[in-house]
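Since the structure comes first, as structure tokens, the remarks are kept for the end.
As structure tokens, then:
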């Protein structure tokens, strides 16, 4: 037991470092309307792109590429594609939800100094990839890990990131002139911001509330329970109570 604890102490970050990591996770927001026109310094942009590139990937495939968009004309075309899709999306909701949807700010394409499309090259490592032999979408999941790495690194730099997903992939493919084999995974708006909200905007707007984590936890099988899980559930509730206030659960 002492040897195990010794190894754990070697590998574990300090309390202060862990608190910073959890604080970053809790403070991350999907930014829509708070972008400032200030340019993002190259060294800062290089750091967050490097963080994205160091994401885990199936078979060390590294399927991502990054299309950096600064040109106003390209941004306008992307914004036009969003506007068309957003009108279609509004009609998919009914009654009061539709009216609330129309009030939501869901992008900052023109305001953000940088737009970034993270893509997935599904052929990058050849037809047979370690770890993708039976779950073909693992390369797409890997690209999403790159998105999350960049998002957290950006938050640590004080940059806002907004993921825009309301447009047809074919439109983005055409605007950015992506080859057929390249899949657009995430279109991100990036820049300095006036402020970050305390809570996710959709939660603050009453669109959805955060679900209790303990209700999403299953043991051994779907719907399975554990007679000895009272302690874990109590710790989960305590962690979620802190997290909901932005307090690192350490």
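Residue numbers (my numbering): 62 to 311.
Glycine included, C-beta positions come from ideal geometry on N, C-alpha and C.
Assign residue 103 to one of two classes, buried (16 or more other C-beta atoms within 10 Å of its C-beta) or exposed (fewer than that).
exposed
Distance between beta carbons of residue 221 and residue 257, contact taken as under 8 Å
7 Å
For residue 252, three-class secondary structure by DSSP
Secondary structure at residue 252: strand, using DSSP grouped into helix, strand and coil.
Report buried or exposed for residue 123, applying the criterion of at least 16 other Cβ atoms within 10 angstroms of its Cβ.
With 16 or more other Cβ atoms from the protein chains shown falling within 10 Å of its own Cβ, residue 123 counts as buried.
Complete beta strand (DSSP E) runs within the segment 163–195 (minimum length 3 residues, chain order):
175–182
Which class does residue 129 belong to by DSSP, given the choice of helix, strand or coil?
Residue 129 sits in a strand when the DSSP states are folded into three classes.
Beta-carbon within less than 8 Å of residue 74's beta-carbon, same chain only, minus the 5 sequence neighbours each way: which residues are those?
If we look at residue 74 and ignore the five residues flanking it on each side, its Cβ neighbours are 82.
With contact counted as at least three CB pairs below 8 Å, one residue from each stretch, are the segment 138–148 and the segment 180–192 in contact?
Between the segment 138–148 and the segment 180–192, the count of Cβ pairs shorter than 8 Å is below three; the stretches do not touch.
Does DSSP put residue 208 in a helix, a strand or coil?
helix
Measure how close the beta-carbons of residue 194 and residue 244 come, nearest whole angstrom, since I'm counting them as under 8 Å.
So it is not a contact: roughly 19 Å between Cβ atoms.
Kindly give me the distance between the Cβ atoms of residue 211 and residue 109, rounded to whole angstroms, as I take these residues to be in contact under 8 Å.
5 Å
Residue 293: first and last residue of the uninterrupted alpha helix (DSSP H) it sits in
291–304
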